[in-house]
Structures are given as structure tokens and as C-alpha cells.
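Enquirer: Structure in C-alpha cells, see below.
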Amino acid sequence: MSMFQSLFFNDVLQSEFGAEIVKYYGYVMMVLILVIIVVLYMGVAIMNHSYSYRNFKNRQTLEYAWTAMPTFLLAMLWCPSILNLYRMDDLKDPVWSFKAVGKQWYWTYEVSMKDGESMVIDSYMDREAGLEAGYRLLDVDWRLVAPANAQISCYVTSGDVLHSFALPAALLKVDAIPGRINVLPMKISQSCIMYGQCSEICGINHSFMPIVIEFVPIDVFMEFYGY
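Just so it is clear: in the sequence shown, position 117 is 133 by my numbering, and no numbers are missing.
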């Protein structure tokens with residue numbers, strides 16, 4: 017979780033998709049450093065060279081090179097990006113699923129119970145909770161409980177305006193659109209309490225609709241919901 021005076025990005029928890037995004041980020045940084053080194057080298061070489069542009073009439077090989085190299089670099093970035101994009105929408109067989117409905121300015125969760133009925137809970141921000149832990153304005157009066165190390169499907173929609181269901185620590189985010197249901201697959205491989213927020217400006221209290229999910233062992237999860 018990002019805190020005041022922190023210097024680095026969030027620590028990514030052990031989610032499958034988050035791990036792939038971190039790998040891709042490192043890969044992009046390697047390509048970026050390579051491009052910077054080449055550009056700096058060419059700049060220094062040009063500044064220190066005694067030749068003038070008047071000495072060059074035609075250099076077809078150079079034309080091919082500075083067309084092919086950027087194309088090659090963009091292809092290197094495009095291929096893994098497309099793979100991650102399709103991997104993000106890969107809906108495996110979920111062990112459990114829930115529905116999150118964004119409303120001004122709180123979240124409504126719908127969970128299926130053992131008897132086939134649905135439990136609908138409104139989750140509002142708790143202004144007093146979390147102060148000692150340093151999570152001001154991030155805790156809620158009812159936390160969603162989900163199984164850790166299990167495939168989960170989150171169905172996200174909105175009851176009024178545009179919202180966005182985001183869990184930054186797992187690098188997960190999906191828009192909540194009125195009249196449309198988006199699916200967000202997730203798998204967190206360790207027990208934890210994960211905090212998130214609405215990430216789409218939705219009105220005056222946009223910054224006051226946090227998300228809190230407790231990922232617990234499967235036996236604790238089964239006992240909590242009475243499965």
C-alpha cells in the first residue's frame with residue numbers, strides 16, 4: 017500500500033496477472049534504457065564529428081536502418097503487451113464469484129449463499145476505522161471476504177454513473193459502466209487484506225468510496241459464508 021513519504025511503487029502481491037505486468041514493466045525498462053544509450057551515443061558522436069552534412073548526398077542503408085529499427089522495437093513491445101491483454105481476459109473456471117456494483121458513493125456486493133439465495137451488502141467508508149494502522153479513509157464498515165489461492169471472478173457494473181473497481185496492490189482494475197457487466201478474473205496466492213478505491217471520477221465524494229477485501233484460507237472462507 018502506498019503511504020505518505022514512500023519512494024517506490026506499491027508492493028505487488030502474489031497475483032498471477034500482477035506478476036506478468038511486473039515482468040513486462042521490467043522488459044519495457046530494458047528496451048527504454050537501450051534506446052537512451054543509443055540516442056546519447058549518437059548525439060555525442062555527431063557533436064564531436066568533423067564531417068558536415070554537405071559530404072553526404074545519399075545513404076539508402078541509413079534510411080532503411082532508421083525505419084526498420086523503430087519498427088522492430090515497437091514489435092518487441094507489442095507482442096508481450098498483446099499476450100498480457102488476452103491473458104487478462106482469460107476466464108478460467110472460477111471457484112467463487114461475486115458481483116460489485118458501484119454507486120454514489122459506496123459499493124454494493126452481491127454474494128451467492130449455500131441455499132442458492134444471494135446476500136446483498138452495502139459497503140460504506142468508515143471514517144474512524146484504520147487510523148492507528150495509517151489507512152485513513154480506506155477502511156469500510158463491511159469487508160468482503162474472498163478465498164486466497166483460488167480463481168475468482170468479479171462481475172462489476174454501476175448503478176448510476178461511471179465508476180472503476182481497482183485493487184492497485186494486485187494491479188487489477190476494471191471500469192463499472194451502467195447497463196454493462198465487466199468481468200475481472202483474479203487469483204491472490206496469499207492471505208491478506210487488500211485495499212482499493214474507485215478510480216474513475218464519479219462526483220463530489222469520489223475519493224470516499226474505498227474497497228477492502230480480506231483474502232483468507234478456503235476453510236475460513238467456507239465457514240464465513242456457511243457453505
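The beta carbon of each residue, even a glycine, is placed where N, CA and C say it ideally should be. On a predicted model such as this, the values are computed, not experimentally measured, just so you know.
By Cβ distance, which residues of its chain are closer than 6 angstroms to residue 243, with the 5 residues on each side in sequence left out?
Expert: 130
Enquirer: Relative to the alpha-carbon of residue 281, which residue among 161, 89, 54 has its alpha-carbon at the smallest distance?
Expert: Residue 281 lies beyond the residue range present for the chain, which begins at 17 and ends at 243; the question has no answer from this structure.
Enquirer: State yes or no: is the C-beta of residue 201 within less than 7 angstroms of the C-beta of residue 174?
Expert: no
Enquirer: The beta strand (DSSP E) that contains residue 163, what's its start and end?
Expert: For residue 163, the enclosing beta strand (DSSP E) has its first and last residue at 160 to 163.
Enquirer: How big is the Cα-Cα spacing for residue 184 and residue 59?
Expert: So the two alpha carbons sit approximately 39 angstroms from each other.
Enquirer: Tell me, please, whether the CB atom of residue 36 is closer than 7 angstroms to any CB atom in chain D?
Expert: In the structure shown, chain D does not exist; there is a single protein chain.
Enquirer: According to the Cβ coordinates, are residue 151 and residue 122 closer than 7 angstroms?
Expert: no
Enquirer: Taking the Cβ atom as the reference point for each residue, do residue 214 and residue 169 lie within a distance shorter than 7 angstroms?
Expert: no
Enquirer: In three-state terms, what does DSSP make of residue 213?
Expert: Three-state DSSP puts residue 213 in a strand.
Enquirer: From what residue to what residue does the alpha helix (DSSP H) around residue 64 run?
Expert: 32 to 64
Enquirer: Give me the Cβ distance between residue 154 and residue 211, rounded to the nearest whole Å; I'm assuming they're in contact under 8 angstroms.
Expert: Right, the Cβ-Cβ distance comes to about 5 angstroms (below 8 angstroms), so this counts as a contact.
Enquirer: Could you name the residues of the same chain whose beta carbon sits closer than 8 angstroms to that of residue 240, not counting the 5 residues immediately before and after it, in chain order?
Expert: Cβ within range, chain order: 161, 232.
Enquirer: Any chance you could list the beta strand (DSSP E) runs of at least 3 consecutive residues sitting entirely within the region 125 to 211, in chain order?
Expert: 134 to 139, 160 to 163, 168 to 174, 179 to 183, 188 to 192, 198 to 202
Enquirer: Can you tell me which residues form a DSSP beta bridge with residue 230?
Expert: 161, 209
Enquirer: So, residue 208 versus residue 177, is the Cβ gap smaller than 7 angstroms?
Expert: no
Enquirer: Can you give me the C-alpha to C-alpha distance between residue 188 and residue 49, rounded to a whole angstrom?
Expert: 27 angstroms
Enquirer: Can you check which of these residues, 226, 205, 225, 220, is closest to residue 35 by C-alpha distance?
Expert: 205
Enquirer: For the candidate residues 221, 102, 156, 114, whose alpha-carbon lies nearest to that of residue 136?
Expert: 114
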